[in-house]
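Participant: The number in our numbering is simply the position in the sequence shown, starting from 1, with 1 added. Idealized CB from N, CA, C, for every residue including glycine. Just so you know, these numbers come straight off a predicted model, no measurement behind them. Next up is a structure, given as structure tokens.
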Amino acid sequence: MEFIKKIILNLRNYPILIVFLFGILASRDLLFTNGYFNMHDDLQMMRQLEMEKCFLDFQIPCRWIPDMGYGFGFPLFNFYPPLPYLIGELVRLAGFSFVTAVKFTFALSIVISGLSMYFLAKEVFPNTLKIRGLTLPISAILSALFYIWAPYHAVDVYVRGAMNEAWALAWFPLILLFGYKLILEKKDFKKWMILLSLSWTGLFMSHNIMVMIFTPVFAGWCLIFVYKEKRLIALPHLFISGILALGLSAFFTIPAVIEQTYVQVNTLVAGYYEYIAHFASLNQLLVSRFWGFGPSIWGDNDGMSFQVGHLHWILSLVIIALISYRLLIKKTKWDSSQVITLYLLAIGWFAVFMTHSRSIFIWQLIPPLKFVQFPWRFLTVAILSFSFASGAFVSLIAKKWQIVSALSLIVVLLLLNWNYFKPQSVGPLTDTQKFSGAAWGLQQTAGIYDYLPIDAVTAPKEPQKYLAEVLQGKGNIQKAQEGTSWAKFDANISSETAKVRIGIFKFPNWVTRVDGSVAYSYVDKNEQWGRMYVDLTRGNHKVELKLENTPIRSVSNIASLITWTLLGVYLFKIKFLNVKA
């Protein structure tokens, strides 16, 4: 408590506390309302539960979860970024319920996104205002609040329930900030390399698609500063940061990319998820104030909002006009903040363009873009760009008008967007209720086609009834047990041979052992759901199954372990052994 008191009493922390407070306000229903809320991706509690089961079962890193896939198991965290659920697990370890853990993790993403934007804008827009002895970096505060209160931010959290994408928004500004510092700072460059690599690691482990969308933005950002500051020496440092980030996240990133051939990824880009069905119109982006909690559908009658934010896009045009006036009419010199503001404004409007059907030629030109699924996901980059640029506004107007203008913008921002930052409905819900009955069944089957193993012709039509059963021959199954990445049972076979079906999807590297020796498991030619089979002979047998690492997973795990160990040793030497960085 004394530590918190010191933070509050330190005047230098007041701007941070202001941003923190507005982040809390945007999260008010998550933090201060009992119960749970409806969302599109209503699997957050289920994923958190499965992550916890992995930890309790010592399956680290978590790859296979036992309860999804209708109870036949699922390679979810081999492909789905785990970081938000690792953060949620810290909340669980503190003794909170799954309901609270999910809501708190959402709220934390909102607050951190605002703080990260504040620190970025504070570095680029150093102008401050003094009010009764208090120095306020007004540009940084404005950028942070615009980022927190962007309409699409509310869509991500309260409508879609897109936990991973919400966390990607938190990492974007930090990556830009540490890239900026790494290029400009001639001293302590190792510190900025490490911080940049950790931020990239956060993004790698939060959202695969956001990495693809954001990387070109970061590349352009870095090239501008490298060119303007004549810091070619920074390019190797940036490259090393990327390699370090890849090493830190290798346990997830490398298998997620290379082992996609083991699952039916085509279902991620077909049917409802085909990008061509989800372009937004200009009216939806720039004019309409419609707000809803329904789905994205073909045409303009979507049940959800895709607005950029009236204040965001209008202010972006005002800023372009003010910078143009200064450069063309007043003949002022370019400065770094103006260059980077115009760059991000251009990126922001290009991102808006990418959400519109007129951009379809770009989507067709770059096939991997189909994995974005929803073109309106580019609104993440739009709100990043426009929110950052909003901080430039106060530095472009006369000093005497800055505080009034900033306060007016904040008031209008809240008036326009306050009602967006709340769920459609909140109802009483306990962990037990969510993980039982019909609710449990829905969560077991939801998203089943996302990473369905390739041996499954179709998804299961009913839940797993038995871990194992004798299909041909005579015998019985006893003492069946199943963990997150293992299973075992006793098979008492009374016929000469028997075919036993195991209620787990076939997936590399499930290894079957019969009486301690590796046995051949296969998918029967008539099997539609992709379950494993094993042939047994007469007698009593102990059958054990274990999901072991493929060579790719082993190498990736070792790469991450070595990278984290080396980083830990390096930081320990600096902190405790007084070794110079």
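#1: Can you pull the DSSP bridge partners for Val619?
#2: Kindly confirm or deny that the region 89-108 and the region 24-42 touch, where touching means at least three C-beta pairs closer than 8 Å.
#3: Along the chain, where does the alpha helix (DSSP H) containing His238 start, and where does it finish?
#4: Find out if the Cβ-Cβ distance for the pair Ala145, Ala122 is shorter than 8 Å.
#5: I'd like to know if the region 243-262 and the region 213-221 are in contact, where contact means that at least 3 CB-CB pairs between them fall below 8 Å.
#6: So for Leu137, helix, strand or coil by DSSP?
#7: Classify Gly540 as helix, strand or coil using the three-state DSSP reduction.
#8: Within the same chain, show all residues whose beta-carbon is closer than 6 Å to that of Met46, passing over the 5 residues directly before and after it, in chain order.
#9: Between which two residues does the alpha helix (DSSP H) harbouring Glu470 extend?
#10: Tell me which residue opens and which closes the beta strand (DSSP E) that Phe372 is part of.
#11: Tell whether a beta-carbon distance below 8 Å holds between Ser518 and Tyr534.
#12: Quick one: any contact between the region 314-330 and the region 65-78, if contact means 3 or more CB pairs under 8 Å?
#13: How should Leu22 be labelled, buried or exposed, when 16 other C-beta atoms within 10 angstroms of its C-beta is the threshold for buried?
#14: Return helix, strand or coil for Asp336, following the three-state DSSP convention.
#15: Which of helix, strand or coil does DSSP assign to Leu346?
#16: Is the Cβ-Cβ distance between Ser28 and Val112 less than 8 Å?
#17: Looking at the structure shown, is Phe99 part of a helix, part of a strand, or coil, going by DSSP?
#18: Taking the alpha-carbon positions, what's the Ala220 to Met355 distance?
#19: Based on Cα-Cα distance, which residue from Lys400, Leu417, Glu545 and Val412 lies nearest to Leu468?
#20: Report yes if the CB atom of Gln445 is closer than 8 Å to the CB atom of Gly72, and no otherwise.
#21: Tell me which residues share the same chain as Ser360 and place their Cβ nearer than 6 Å to its Cβ, disregarding the 5 neighbours each side in the sequence.
#22: Tell me whether Asn79 is buried or exposed, calling it buried when 16 or more other Cβ atoms sit within 10 Å of its Cβ.
#23: Please list, in chain order, all residues of the same chain as Pro85 whose beta carbon is under 7 Å from its beta carbon, the five residues on each side excluded.
#24: Bridge partners of Leu548, per DSSP?
#25: State the DSSP-derived secondary structure class of Ala281, mapped to helix, strand or coil.
#26: Put Pro454 into one of helix, strand or coil per three-state DSSP.
#27: To which residues of the same chain is Pro138 closer than 7 Å at the C-beta, ignoring the five residues directly before and after it?
#28: From what residue to what residue does the alpha helix (DSSP H) around Thr446 run?
#29: Using 8 Å as the limit for Cβ to Cβ distance, is Glu51 near chain D?
#30: For the region 159-195, list the alpha helix (DSSP H) runs that are entirely contained and at least 4 residues long, ordered along the chain.
#31: With three or more beta-carbon pairs closer than 8 Å as the criterion, would you say the region 443-458 touches the region 497-513?
#32: Using 8 Å as the Cβ pair cut-off and three pairs as the minimum, do the region 302-320 and the region 382-392 touch?
Facilitator: The short version:
#1: Residue 619 is absent from the structure shown; the chain starts at 2 and stops at 582.
#2: yes
#3: Ala235 to Leu249
#4: yes
#5: no
#6: strand
#7: strand
#8: Phe99, Val103 and Lys435
#9: First-last for Glu470: Ala469 to Gln473, but that is the beta strand (DSSP E), not the alpha helix (DSSP H).
#10: Counting along the chain, Phe372 falls outside any beta strand (DSSP E), and DSSP gives it neither H nor E.
#11: When the beta-carbon positions are compared, Ser518 and Tyr534 stay at least 8 Å from each other.
#12: no
#13: With fewer than 16 other Cβ atoms inside 10 Å of its own Cβ, Leu22 counts as exposed.
#14: coil
#15: helix
#16: yes
#17: helix
#18: Whole-angstrom Cα-Cα distance: 18 Å.
#19: Of the listed residues, the one whose Cα sits closest to Leu468 is Glu545.
#20: Yes, the Cβ-Cβ distance between Gln445 and Gly72 is below 8 Å.
#21: Phe354
#22: buried
#23: Thr106, Met164, Asn165, Trp168 and Ser207
#24: Trp511
#25: strand
#26: strand
#27: If we look at Pro138 and ignore the five residues flanking it on each side, its Cβ neighbours are Pro16, Lys123 and Thr129.
#28: Boundaries of the alpha helix (DSSP H) around Thr446: Gly438 to Thr446.
#29: Of the protein chains in the structure, only one exists, and it is not chain D.
#30: Counting only runs of 4 or more, we get 164-185.
#31: yes
#32: yes
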